[in-house]
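K.L.:
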Amino acid sequence: MRLLKNMLIKVKAIVLSKEDKVVKKNEDSFEVFVKAEAQRNMANKRIIELLAEYFNLPQYKVKIIKGFKESNKIFNIKYE
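For the sequence shown, the residue numbers in the numbering used here are 6 to 85.
In structure tokens, the structure reads:
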């Protein structure tokens with residue numbers, strides 16, 4: 006039997022950064038720096054890519070739950 010585990014994390018997005026990176030602040034809080042601008046969903050897409058890479062998961066397992074148009078966001082990370 007497989008159990009799915011979900012983890013909610015808080016993310017502060019910093020756009021137009023010099024580099025793309027993920028910084029863990031505490032157990033469920035991260036700062037994600039992206040070069041992309043906050044236009045046409047470009048920054049959100051890049052944040053999803055970076056978080057998927059950070060957690061070593063496919064991108065479809067990383068979803069924005071809250072904060073689509075804000076710098077403070079909540080993501081759901083699905084583990085198997």
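For each residue, glycine too, the CB sits at the ideal point set by N, CA and C.
Is the beta carbon of Val67 less than 9 Å from the beta carbon of Ile82?
P.N.:
Cβ distance < 9 Å, so Val67 and Ile82 count as in contact.
K.L.:
Could you tell me which residues DSSP pairs with Lys66 in its beta bridges?
P.N.:
None; Lys66 has no bridge partner.
K.L.:
By how many angstroms is the C-alpha of Glu85 removed from the C-alpha of Val27?
P.N.:
One C-alpha to the other measures close to 22 Å.
K.L.:
Under 9 Å, do Ile14 and Glu36 count as touching if we go by C-beta distance?
P.N.:
Taking 9 Å as the Cβ cut-off, Ile14 and Glu36 do not qualify as a contacting pair.
K.L.:
In whole angstroms, what is the alpha-carbon distance linking Glu24 and Asp33?
P.N.:
The alpha-carbon atoms of Glu24 and Asp33 are separated by roughly 22 Å.
K.L.:
Ends of the alpha helix (DSSP H) at Glu54?
P.N.:
First-last of the alpha helix (DSSP H) with Glu54: Met47 to Tyr59.
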